[in-house]
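Below: the structure, in structure tokens.
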Amino acid sequence: MKILITGGAGFIGSNFIRYILKTHPDHRVVNLDALTYAGNLENLRAVAEAEGGGPRARYQFVKGDIREVKLVDRIVADGVEAIINFAAESHVDRSIDNAGIFIETNVLGTQVLLDAALRHQVQRYVQISTDEVYGSLGPTGKFTESTPIAPNSPYSASKAGADLLVRSYYETFKLPALITRCSNNYGPYQFPEKLIPLFITNALSDQHLPLYGDGLNVRDWIHVEDHCAAIDCVLHRGTPGEVYNIGGNCEKTNREITRIILQELDKPESLIRFVKDRPGHDRRYAIDSTKIMRELGWAQNYNFQTGMQETVTWYSHNREWWTRVKSGEYRDFYQRWYGNR
Ligand code: NAD
Ligand code: DAU
Numbered sequence: 016m017k018i019l020i021t022g023g024a025g026f027i028g029s030n031f032i033r034y035i036l037k038t039h040p041d042h043r044v045v046n047l048d049a050l051t052y053a054g055n056l057e058n059l060r061a062v063a064e065a066e067g068g069g070p071r072a073r074y075q076f077v078k079g080d081i082r083e084v085k086l087v088d089r090i091v092a093d094g095v096e097a098i099i100n101f102a103a104e105s106h107v108d109r110s111i112d113n114a115g116i117f118i119e120t121n122v123l124g125t126q127v128l129l130d131a132a133l134r135h136q137v138q139r140y141v142q143i144s145t146d147e148v149y150g151s152l153g154p155t156g157k158f159t160e161s162t163p164i165a166p167n168s169p170y171s172a173s174k175a176g177a178d179l180l181v182r183s184y185y186e187t188f189k190l191p192a193l194i195t196r197c198s199n200n201y202g203p204y205q206f207p208e209k210l211i212p213l214f215i216t217n218a219l220s221d222q223h224l225p226l227y228g229d230g231l232n233v234r235d236w237i238h239v240e241d242h243c244a245a246i247d248c249v250l251h252r253g254t255p256g257e258v259y260n261i262g263g264n265c266e267k268t269n270r271e272i273t274r275i276i277l278q279e280l281d282k283p284e285s286l287i288r289f290v291k292d293r294p295g296h297d298r299r300y301a302i303d304s305t306k307i308m309r310e311l312g313w314a315q316n317y318n319f320q321t322g323m324q325e326t327v328t329w330y331s332h333n334r335e336w337w338t339r340v341k342s343g344e345y346r347d348f349y350q351r352w353y354g355n356r
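If you're matching positions, the sequence shown starts at 16 in this note's numbering and goes up one per residue.
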């Protein structure tokens, strides 16, 4: 199978490319990525080196934007059988800072991909969405696939808009499209603007850990490789037109996550700074994954404690990677976002 993977130079996309090439020797991947601040070819250096650049290579990189109609059309026309759309602006705080690019990439970019999928009759279109489209939970209950969509940030609203477009292409044109909605991922190669890598790398540099509000917001954590395995199930065995929730069954408050990181690194709690809350901050996410487990046979492999130990070790051993990533554009965002908090 030849798969177009968009956003493959980001966190989950790069982990997925490694995963799919390892688990399916008969699959080939074209990675289309615009290399925004979050895209980094270093994440895939080993794959690119192992595959080489010859005609038999199973991995090919194309630098480009999913909003470029002609480019996307040319790639899909060249024998693409499935599209998995990871490409997105993915950080909630940035969507509060500046929403425009979120609508451009996440909504309009999705429409360009859907049109190309339709024109060239791809067999599978998988939209990588998020549990954030469901909004926020009270102290009990979990999101199921029939929970109404109620996004609270410009990021989640743009992802919900894309989901509705995907649904409409299935209903109107019978495009064999599927949607996944996963909870918070952690693991290697995550851009250090997100909670876990930000706090690990700040702690390693003895910088403050800026905890929003009372630090009691809850997220449901899943290791990125478990998410990749779930996408693999949906790609090969999912039913077109369906939505699949994916969760870690691992609810933790942000305070708990912070303490785990400080303990792993043997750093003092005095590094914690409670700062002004994120506007519209969703209180709690929790995912019910019964459908994908029962219908597609997906199961988690990672235990959170081991996964976190491995992740902390990965960031400790890859200081060069995140030092480079945290310089440049990110430094300006950090100053603007956290400077006066
Ligand atoms: P990321 O920000 O690390 O990576 C996004 C990638 O998309 C980058 O490589 C970037 O260069 C690329 N990109 C951005 N705009 C583009 C454009 N216009 N054209 C082509 N490429 C473009 O994001 P991530 O955390 O890996 O998330 C990947 C997907 O998974 C996103 O769709 C996100 O909404 C979804 N998701 C993320 C999580 C999570 O916890 N990180 C959970 C559930 C779902
Ligand atoms: O649930 C899936 C979503 O998870 C994905 O769709 C998003 O792409 C991904 O970014 C993530 O969104 P969150 O907003 O939950 O992740 P983030 O890492 O930004 O924040 C996690 C929690 O930590 C949240 O309650 C806010 C809090 N936080 C975050 C940062 C960056 C802090 O307290 N301080 C911080 O500096």
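Where is the CB? At the ideal position from N, CA and C, for every residue including glycine.
For clarity, every value in this text was computed on a predicted model and none was experimentally measured.
- Taking every protein chain shown into account, the CB of D229 has fewer than 16 other CB atoms within 10 angstroms, so this residue is exposed.
- Here D347 is exposed: its Cβ has fewer than 16 other Cβ atoms, across all protein chains shown, within 10 Å.
- Fully enclosed alpha helix (DSSP H) runs of no fewer than 4 residues occupy 84 to 92, 107 to 112 and 124 to 134 of the segment 79 to 157, in order along the chain.
- When rounded, the separation of the alpha-carbon atoms in N58 and P203 is 9 Å.
- Non-local beta-carbon contacts of N167 in its own chain, meaning distances under 7 Å to residues more than five positions away in sequence, involve G150, S151, G295 and D297 in chain order.
- Within its own chain, the residues whose Cβ lies closer than 6 Å to the Cβ of A165, once the five positions on either side in sequence are excluded, are G150, listed in chain order.
- Sequence-distant Cβ neighbours of I118 in its own chain, meaning closer than 7 Å and more than five residues away, are S173.
- For Y34, DSSP records no beta bridge to any residue.
- Less than 9 Å divides the Cβ of I20 from the Cβ of G28.
- The C-alpha of L56 lies about 11 Å from the C-alpha of F26.
- Using a C-beta cut-off of 8 Å, the segment 132 to 139 makes contact with the segment 92 to 112, since at least three inter-stretch Cβ pairs fall below that distance.
- Between the ligand DAU and E240, a heavy atom-to-CB distance of less than 8 Å is absent.
- Per DSSP, W236 is not a residue of any alpha helix (DSSP H); the beta strand (DSSP E) it occupies stretches across V233 to H238.
- The ligand DAU approaches R234 closely enough that one of its heavy atoms is under 8 Å from the residue's Cβ.
- Closest by C-alpha distance to H42, out of Y52, R71 and T51, is R71.
- Look at P283 here: in three-state DSSP terms it is coil, with no helix or strand label.
- Around the beta-carbon of F206, 16 or more other beta-carbon atoms lie within 10 Å, marking it buried.
- For C265, the distance from the CB to the nearest heavy atom of the ligand NAD is not below 8 Å.
- Collapsing the DSSP output to three states places P225 in a strand.
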